[in-house]
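Worksheet: the structure to be examined is printed underneath.
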Amino acid sequence: MNKLVYLVPLFPLIGFLINGLGRKSLSKSLIGIIGSTTILASFVVSVFLFMDVKAHGASVVTAFNFINIDTFKVAFAFQVDQLSSLFLLIITGIGFLIHVYSTAYMHEEKAEHFGRYFAYLNLFVFSMLLLVLGANYVIMFIGWEGVGLCSYLLIGFWFKNNNYNYAAKKAFVMNRIGDLGFLLAVFWLIAKLGTVNYADVFAAANTLSKFDVTAITLLLFVGAMGKSAQIPLYTWLPDAMAGPTPVSALIHAATMVTAGIYMIARSNVLFSMSEVTMNLVAIIGLATALLSATIAIKQNDIKKVLAYSTVSQLGYMFLGLGVGAYTGAVFHVMTHAFFKALLFLGAGSVIHAMHHEQDIRNMGGLKKKLPITHATFLLACIAIAGIPPFSGFFSKDEILAAAYAHNPIYWGLGVAGAAMTAFYMFRLYATTFLGNFRGTHDQEHHLHESPKAMTIPLIILSILSVVGGLIGIPEILGGHHELHHYLSPILISEKAHHIEHSTEYMLMAISVAIAALAVIFAIVRFSKKPELKDATGIAKAMENKWYVDELYDAAIVRPLEAVAVFFKNIIEKSGIDAFVNGVGKFVNYSSRQLRLVQSGQVGNYILIMVLSIVIFILLWFYDAGIIRLVDKFF
Amino acid sequence: MNAIIFSALLGVVMMFSGILTTNKQAIKNIALVCLTLLLVANLANHYEWYSIKIDTKQMFSFGKYGYFFNTIAITATLLYVFVSGDDIVKVGSYGAEYFALIFFVLCGVTILSSYNNLLMLFLGIEIMTIPLYILTGSDKKNLHSNEAALKYFLMGAFSTGIMLMGIALLYGSSGSFGIESIVNNTSITLMKVPILEVIGLMFVFVSMLFKVSAAPFHFWTPDVYDGAPSVFTSFMATIVKSAGFIALITLFANKSEELGKLWNILLVIVIIATLLVGNITAVFQQSVKRMLAYSSIAQAGFMLFALYSRNEIARDGILLYTTAYSLATIGTFAILIKMEDHSLDGYNGLAKSQPLLAATQTIFLFSLAGIPLTAGFFAKYFMLASVIRTGGNAAIYLVIIGVLFAAVSLYYYFKVIQAMYFKEGNAATTKITPSFKFALLLLAFLIILFGVMPDALLGLFYF
Numbered sequence: 024m025n026k027l028v029y030l031v032p033l034f035p036l037i038g039f040l041i042n043g044l045g046r047k048s049l050s051k052s053l054i055g056i057i058g059s060t061t062i063l064a065s066f067v068v069s070v071f072l073f074m075d076v077k078a079h080g081a082s083v084v085t086a087f088n089f090i091n092i093d094t095f096k097v098a099f100a101f102q103v104d105q106l107s108s109l110f111l112l113i114i115t116g117i118g119f120l121i122h123v124y125s126t127a128y129m130h131e132e133k134a135e136h137f138g139r140y141f142a143y144l145n146l147f148v149f150s151m152l153l154l155v156l157g158a159n160y161v162i163m164f165i166g167w168e169g170v171g172l173c174s175y176l177l178i179g180f181w182f183k184n185n186n187y188n189y190a191a192k193k194a195f196v197m198n199r200i201g202d203l204g205f206l207l208a209v210f211w212l213i214a215k216l217g218t219v220n221y222a223d224v225f226a227a228a229n230t231l232s233k234f235d236v237t238a239i240t241l242l243l244f245v246g247a248m249g250k251s252a253q254i255p256l257y258t259w260l261p262d263a264m265a266g267p268t269p270v271s272a273l274i275h276a277a278t279m280v281t282a283g284i285y286m287i288a289r290s291n292v293l294f295s296m297s298e299v300t301m302n303l304v305a306i307i308g309l310a311t312a313l314l315s316a317t318i319a320i321k322q323n324d325i326k327k328v329l330a331y332s333t334v335s336q337l338g339y340m341f342l343g344l345g346v347g348a349y350t351g352a353v354f355h356v357m358t359h360a361f362f363k364a365l366l367f368l369g370a371g372s373v374i375h376a377m378h379h380e381q382d383i384r385n386m387g388g389l390k391k392k393l394p395i396t397h398a399t400f401l402l403a404c405i406a407i408a409g410i411p412p413f414s415g416f417f418s419k420d421e422i423l424a425a426a427y428a429h430n431p432i433y434w435g436l437g438v439a440g441a442a443m444t445a446f447y448m449f450r451l452y453a454t455t456f457l458g459n460f461r462g463t464h465d466q467e468h469h470l471h472e473s474p475k476a477m478t479i480p481l482i483i484l485s486i487l488s489v490v491g492g493l494i495g496i497p498e499i500l501g502g503h504h505e506l507h508h509y510l511s512p513i514l515i516s517e518k519a520h521h522i523e524h525s526t527e528y529m530l531m532a533i534s535v536a537i538a539a540l541a542v543i544f545a546i547v548r549f550s551k552k553p554e555l556k557d558a559t560g561i562a563k564a565m566e567n568k569w570y571v572d573e574l575y576d577a578a579i580v581r582p583l584e585a586v587a588v589f590f591k592n593i594i595e596k597s598g599i600d601a602f603v604n605g606v607g608k609f610v611n612y613s614s615r616q617l618r619l620v621q622s623g624q625v626g627n628y629i630l631i632m633v634l635s636i637v638i639f640i641l642l643w644f645y646d647a648g649i650i651r652l653v654d655k656f657f
Numbered sequence: 196m197n198a199i200i201f202s203a204l205l206g207v208v209m210m211f212s213g214i215l216t217t218n219k220q221a222i223k224n225i226a227l228v229c230l231t232l233l234l235v236a237n238l239a240n241h242y243e244w245y246s247i248k249i250d251t252k253q254m255f256s257f258g259k260y261g262y263f264f265n266t267i268a269i270t271a272t273l274l275y276v277f278v279s280g281d282d283i284v285k286v287g288s289y290g291a292e293y294f295a296l297i298f299f300v301l302c303g304v305t306i307l308s309s310y311n312n313l314l315m316l317f318l319g320i321e322i323m324t325i326p327l328y329i330l331t332g333s334d335k336k337n338l339h340s341n342e343a344a345l346k347y348f349l350m351g352a353f354s355t356g357i358m359l360m361g362i363a364l365l366y367g368s369s370g371s372f373g374i375e376s377i378v379n380n381t382s383i384t385l386m387k388v389p390i391l392e393v394i395g396l397m398f399v400f401v402s403m404l405f406k407v408s409a410a411p412f413h414f415w416t417p418d419v420y421d422g423a424p425s426v427f428t429s430f431m432a433t434i435v436k437s438a439g440f441i442a443l444i445t446l447f448a449n450k451s452e453e454l455g456k457l458w459n460i461l462l463v464i465v466i467i468a469t470l471l472v473g474n475i476t477a478v479f480q481q482s483v484k485r486m487l488a489y490s491s492i493a494q495a496g497f498m499l500f501a502l503y504s505r506n507e508i509a510r511d512g513i514l515l516y517t518t519a520y521s522l523a524t525i526g527t528f529a530i531l532i533k534m535e536d537h538s539l540d541g542y543n544g545l546a547k548s549q550p551l552l553a554a555t556q557t558i559f560l561f562s563l564a565g566i567p568l569t570a571g572f573f574a575k576y577f578m579l580a581s582v583i584r585t586g587g588n589a590a591i592y593l594v595i596i597g598v599l600f601a602a603v604s605l606y607y608y609f610k611v612i613q614a615m616y617f618k619e620g621n622a623a624t625t626k627i628t629p630s631f632k633f634a635l636l637l638l639a640f641l642i643i644l645f646g647v648m649p650d651a652l653l654g655l656f657y658f
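From first to last, the protein sequence lines are chains A and B.
Position one of the first sequence corresponds to residue 24 (the working numbering), numbered consecutively onward.
Position one of the second sequence corresponds to residue 196 (the working numbering), numbered consecutively onward.
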């Protein structure tokens with residue numbers, strides 16, 4: 024049964040090859056069908072695998088030997104276990120919906136670009152599946168790099184706009200910084216343990232010294248920072264919104280950016296061994312969650328709000344990882360994938376209806392014109408705000424409860440962030456869908472609900488957003504936490520929550536109450552008269568993202584450029600170039616001189632030959648002096 | 196033995212075929228058939244299917260190494276005739292005779308690959324060079340050709356004189372012409388300074404250096420290569436030069452102990468001088484033909500590394516080197532012959548008018564320069580590796596010098612590529628036939644094949 028695992032990444036790869044090679048000859052509808060059905064096929068196989076794992080447990084399937092150097096071996100192997108099968112379902116399931124959605128959303132593109140789009144998207148799914156399925160860090164790294172590449176290609180999909188290209192480049196460079204950390208960690212593992220297989224690494228983990236574990240996990244975390252957009256490497260994600268909206272939904276919200284969480288959850292054995300790293304993960308996660316939440320409050324671009332919200336939610340997941348709530352983090356990955364994909368697709372539907380208008384100040388009152396989009400968007404907002412019994416509540420609550428057990432301050436800050444989340448999401452909702460329409464007359468005239476290929480994925484995702492949390496109902500609410508039991512074989516047992524049930528009820532009530540208040544406040548505040556004026560003071564700083572981009576520019580980019588200019592002008596031009604050209608000139612000069620020896624006179628030639636023979640013979644016999652001297656040099 | 200007898204006989208056959216037919220195409224085809232016969236005869240020796248047995252009284256010592264070199268030389272000649280055969284018969288009005296002379300040269304080559312006696316060495320050298328004097332002057336109405344032939348003959352006679360003198364001295368000291376007996380008494384001891392042996396050996400050595408155009412005995416090379424008809428320059432620069440190296444290697448192989456340090460110092464001086472003269476002078480040449488003449492000196496410098504190290508790697512490496520060098524040089528000259536203008540500027544824009552010629556030419560030049568994925572890379576690699584294997588500081592310095600000069604060689608080889616690809620112009624060529632293109636592709640393919648799998652060639656040797 025689990026031999027079928029080959030098929031899971033194989034289908035998208037085939038789709039990529041067909042769409043990539045046939046993009047100029049295939050029709051749009053065929054491209055769309057190929058792109059979507061390959062993912063659907065992967066999804067079906069993933070479901071079987073999931074069932075199989077549930078019934079028979081985990082296994083490793085080796086395809087072939089990938090690298091073979093002396094005793095160091097890397098197999099091209101797939102890890103089929105609880106964690107990876109769950110991720111498979113998320114990736115292929117949501118991936119399929121977004122592919123279907125894309126067939127309508129990207130319909131205006133020329134066939135060639137349409138094919139390119141689906142080829143990239145299939146390649147992305149292939150890479151993401153490889154990342155999740157790999158049974159060692161090297162295979163994971165292949166997928167890790169592959170998704171980075173696809174992210175770059177898709178952010179810069181409309182490559183005629185140079186700003187988009189810059190955004191793509193920024194994403195790529197930021198990710199590369201993280202990748203370096205990942206690579207170093209893998210090298211470190213190889214140096215210390217001589218293996219990269221998960222099973223072997225985790226089995227031998229306790230032979231590592233404290234310092235090694237801390238260094239390896241910190242470096243891995245640097246990789247996660249890049250891919251999952253955490254401080255200080257988060258600034259690429261909001262810019263990544265330059266890509267088509269379904270891409271933002273799939274790559275920059277639901278799947279790729281959770282790769283960091285997957286990787287840390289996968290390496291939970293290592294991370295749990297290092298107190299330092301765990302604390303750092305929690306603090307960075309919390310700081311990211313709060314910082315990006317404050318920025319999201321003042322953004323006016325519908326996708327930017329969602330982007331910062333994504334960064335913020337990722338921060339919560341890292342908080343969960345940092346306090347040892349691995350299940351909570353994975354749970355939140357799943358529910359977040361549902362409602363954030365839904366939010367992005369809903370935003371895409373709005374943008375589609377508004378003819379590529381993204382500024383929410385020019386929207387308003389879309390409730391009547393886009394009924395399905397509105398309803399599903401509202402459900403997603405409730406889910407992300409953490410109102411029970413929607414999915415976001417359960418996962419976020421689990422993380423917050425674990426945070427409280429670890430340190431009540433984490434909990435307090437986490438709840439503050441959750442309140443901000445509820446606030447900016449409903450600010451977004453109210454400004455976009457409530458009130459009066461503020462766009463141009465022309466836009467109003469063309470407002471329309473999106474086609475079925477877009478609305479059906481929205482409906483499916485909204486159902487998932489509502490009920491997705493039910494697989495993780497905590498015991499105090501009378502549930503069994505199915506997910507926890509399912510994942511328990513591979514995630515080491517979390518620290519027991521030493522919280523009284525009464526305390527837990529109270530915490531839950533407080534966070535729900537605060538979130539509800541924020542929701543009501545936001546609706547009341549923004550539904551009638553949204554803020555249209557430019558912000559001032561602190562709000563302005565928030566609107567400008569706390570000037571973090573400018574700070575990076577001044578602190579890192581400019582000094583680097585100055586060094587580069589120095590090297591280019593001083594070292595390169597007057598140092599290296601001068602030397603290199605000097606050698607060339609010298610050779611040329613000697614050539615001109617040496618050429619003159621070739622006089623064309625046979626007499627001269629023979630004279631030189633005879634003299635040479637004489638010298639040779641003298642050299643032979645004169646075994647003192649000159650010969651010893653020559654001998655010294657050679 | 197087969198190859199020696201057959202090459203002489205087939206040479207005579209070629210000569211008489213000139214009486215039967217004057218059709219140039221037919222003559223070329225007869226030559227190709229005869230060369231194939233010769234190749235088969237040699238392979239029959241190599242794989243012990245059939246060999247003519249004559250008691251040579253230890254004049255020869257036949258072995259796989261010699262047979263394998265014969266195979267390389269004959270195959271290279273076959274390819275050479277295949278690529279440039281049409282141009283050989285065009286040089287003058289005696290097509291068949293040119294081929295006959297080429298066969299006689301091959302007879303000398305095959306003697307040189309298996310000799311075991313100084314007299315045979317002398318015979319081989321003479322049989323090989325005398326036809327070359329004629330071939331050099333074969334363009335009878337061209338003053339340059341005549342001048343080159345005369346110069347070649349004068350200096351060749353001079354070097355032959357030196358060689359004979361050396362052999363006489365060696366005979367005088369040891370009473371034998373066998374090569375085992377000669378080099379054993381040449382180390383200086385307290386008891387005896389072996390003047391006769393040393394000077395005799397030195398003379399033989401120097402005259403051999405002359406044949407392979409090592410500095411400072413290279414002066415004939417640029418003038419003769421430049422003056423001779425290009426087709427014959429191609430032959431001289433490849434097969435003939437390779438044979439000279441095999442003769443040198445045979446003379447000095449496995450005698451490192453006796454030769455001692457002093458020989459190495461002389462060799463180092465010769466190697467550096469050869470690399471210097473060849474590479475540096477080539478830089479300034481404006482004529483591609485003359486540049487190739489100097490480049491052949493530079494390549495000789497690299498082949499001399501094998502003589503310096505005299506170990507197993509060197510013995511294998513020199514075979515690979517001669518193959519790689521011969522293939523690339525034959526191809527380069529074949530294209531040169533087709534060019535209307537032999538100067539560098541004549542190649543301007545060749546990539547546009549004859550893309551295939553330009554592409555194969557680029558591969559040939561890559562191989563000559565030693566760029567990876569071409570046979571030339573591994574050829575140079577084996578040479579340097581053999582030197583490293585000898586150990587010692589001198590080896591390291593020698594390798595560094597070799598690499599530096601290889602870098603210089605990139606300059607003049609790439610000037611041709613630059614002219615073909617990056618300069619405007621309409622490089623004029625004479626008529627290019629499809630079979631010519633095919634032959635070039637075949638050469639390029641072999642170069643890449645041996646560049647990717649050098650074992651393919653060396654494997655044949657150990658087969």
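Where a beta carbon is used, it is the ideal one built from N, C-alpha and C, also for glycine.
Residue i classed as buried or exposed, judged by whether at least 16 other C-beta atoms fall within 10 angstroms
i, result
"V68 (chain A)", "buried"
"F479 (chain B)", "buried"
"Y612 (chain A)", "exposed"
"L493 (chain A)", "exposed"
Beta-carbon proximity check, residue i vs residue j, cutoff 9 Å
i, j, result
"V278 (chain B)", "F631 (chain B)", "yes"
"V76 (chain A)", "F101 (chain A)", "no"
"A81 (chain A)", "I513 (chain A)", "yes"
"L342 (chain A)", "I287 (chain A)", "no"
"A476 (chain A)", "L368 (chain A)", "no"
CA-to-CA distance, residue j to residue i, given in whole angstroms
i, j, result
"L638 (chain B)", "L30 (chain A)", "45 Å"
"T237 (chain A)", "S550 (chain A)", "50 Å"
"D465 (chain A)", "E131 (chain A)", "19 Å"
"A651 (chain B)", "L49 (chain A)", "44 Å"
"Y262 (chain B)", "F497 (chain B)", "23 Å"
"Q624 (chain A)", "D281 (chain B)", "34 Å"
"L318 (chain B)", "A442 (chain B)", "12 Å"
"Y124 (chain A)", "A276 (chain A)", "15 Å"
Any non-hydrogen atom of the ligand ADP closer than 8 Å to residue i Cβ
i, result
"A541 (chain A)", "Ligands in the displayed structure: none, and consequently the ligand ADP is not present."
Contacts around residue i, its chain only, beta-carbon distance under 8 Å, and the 5 residues preceding and following it disregarded
i, result
"D235 (chain A)", "W211, K215"
Beta-carbon proximity list for residue i, same chain, < 7 Å, skipping 5 on both sides
i, result
"G206 (chain B)", "A295, F298, F299, C302"
Contacts around residue i, its chain only, beta-carbon distance under 6 Å, and the 5 residues preceding and following it disregarded
i, result
"G422 (chain B)", "H339, S340, E342, A343"
"A291 (chain B)", "M209, S212, G213, I222"
"G345 (chain A)", "M301, V304, A305, G308"
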